[in-house]
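Data block below; observations after.
Numbering (full-length UniProt numbering), first residue to last: 1 to 268.
Now the structure itself:
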C-alpha cells in the first residue's frame, strides 16, 4: 500500500507541477508595453465558478457579457478586449476544454461566436479548483503575477470572490508553537532559494529534515510533505498516516502538498 500511495503522490505532484508551469508559460502580448492578461482573466473567472460549484461548461454567449466587463480594466488598447480571443486560445492548454468542431486557422474567434461554443475548465482542473484550496491558491497566485497591481487587480479578485481564496494554511499541519506562513513548492531546492530571498540565514540538510536558519524547521515526511515548526526538537509535528481506502487516499493526496516557509511573523 505504501509503495502504491507513493506512486499516486508522485503522479499527483507531477500533474500539478505541469499545470502550474503551463500557467507561467501562458502567452502574454506586450506589444503596447503593457501585458495583455486576457487568458488569465478568463481562467480566474472559471476558477471562481468552480469554487462556487457552478456548471463547469457554459456557452460563449452566456459568458461573454460578464467577461467583457471583467476584461475592460485590463484593456491595453483603445478598443475593448474581445472575450472570444482568450476563449479560443486557451484550448491549447491542459486547463481548458472547448467543445465543438476543430477551430479553423486564421480567426478562431469567429468560429467561437458563430458556433456559440461551450467552454470551461478541464474536468480534472475543475475538480482541483473546487476541492483543493492549497493548489487553487497557488494557481491564483501564478495568474495574478502578470496582472496589474491594485486597485484594478484587488477589485477584480473581490468581484470574483477570490480575494479570500488563501485557505491553504487552514489545511496545513499546524505547529504546536509559533506563527507560521506556508507556501506551495515542488522542489526542495526552492526552500533554500526562498529563504535566501527572505533574508534568512542559510540552512542545512539532513536525512528527512531541513533546517532554515536557527529558529525555523521544515520536517519532510516520506510523502514529501513539509511541516513548518519553530524547532525540530521535541514536540515537532508529524504528518498523519496515509489512509487505507482508495477514496480517502485520493482525497488525502491533495492535502499532502509540499509546504515551505515564506516568512514568519508573530502577527500571523
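Glycine is no exception: its CB is placed at the ideal position from the N, C-alpha and C atoms.
Nothing here was measured: the structure is a model prediction, and the numbers come from that model.
| Nearest neighbour of residue 51, chosen from 131, 16 and 99 [CA to CA] | When only C-alpha atoms are compared, the closest one is 131.
| task | Measure the Cβ-Cβ separation of residue 109 and residue 82 and say whether it is below 8 Å. | result | Yes; because the gap between Cβ atoms is below 8 Å, this pair is in contact.
| said: In this structure, how does DSSP classify residue 26 when only helix, strand and coil are distinguished? | reply: If DSSP states are grouped into helix, strand and coil, residue 26 belongs with coil.
| query | Taking the alpha-carbon positions, what's the residue 146 to residue 140 distance? | reply | The alpha-carbon atoms of residue 146 and residue 140 are separated by roughly 11 Å.
| task | Could you tell me how far apart the beta carbons of residue 92 and residue 103 are, in whole angstroms, since I believe they sit closer than 8 Å? | result | No, residue 92 and residue 103 are not in contact; Cβ-Cβ is about 10 Å, not under 8 Å.
| request: Can you tell me which of the three DSSP states residue 160 falls into? | output: In the three-state scheme derived from DSSP, where H, G and I count as helix and E and B as strand, residue 160 is classed as coil.
| task | State the DSSP-derived secondary structure class of residue 92, mapped to helix, strand or coil. | result | The answer is helix: DSSP assigns residue 92 an H, G or I state.
| task | Please state whether DSSP places residue 59 in a helix, a strand or coil. | result | When DSSP states are grouped into helix, strand and coil, residue 59 belongs to the strand group.
| Does the Cβ of residue 106 have 16 or more other Cβ atoms within 10 Å, making it buried, or fewer, making it exposed? | When all chains shown are included, residue 106 counts as exposed.
| request: To the nearest angstrom, report how far apart residue 90 and residue 78 are at their CA atoms. | output: Roughly 24 Å separates the two Cα atoms.
| How would you call residue 48, buried or exposed, if buried means at least 16 neighbouring beta carbons within 10 angstroms? | Residue environment for residue 48: buried (at least 16 other C-beta atoms within 10 angstroms of its C-beta).
| By the 10 Å Cβ neighbour count, where 16 or more other Cβ atoms means buried, how is residue 40 classified, buried or exposed? | Burial call: buried.
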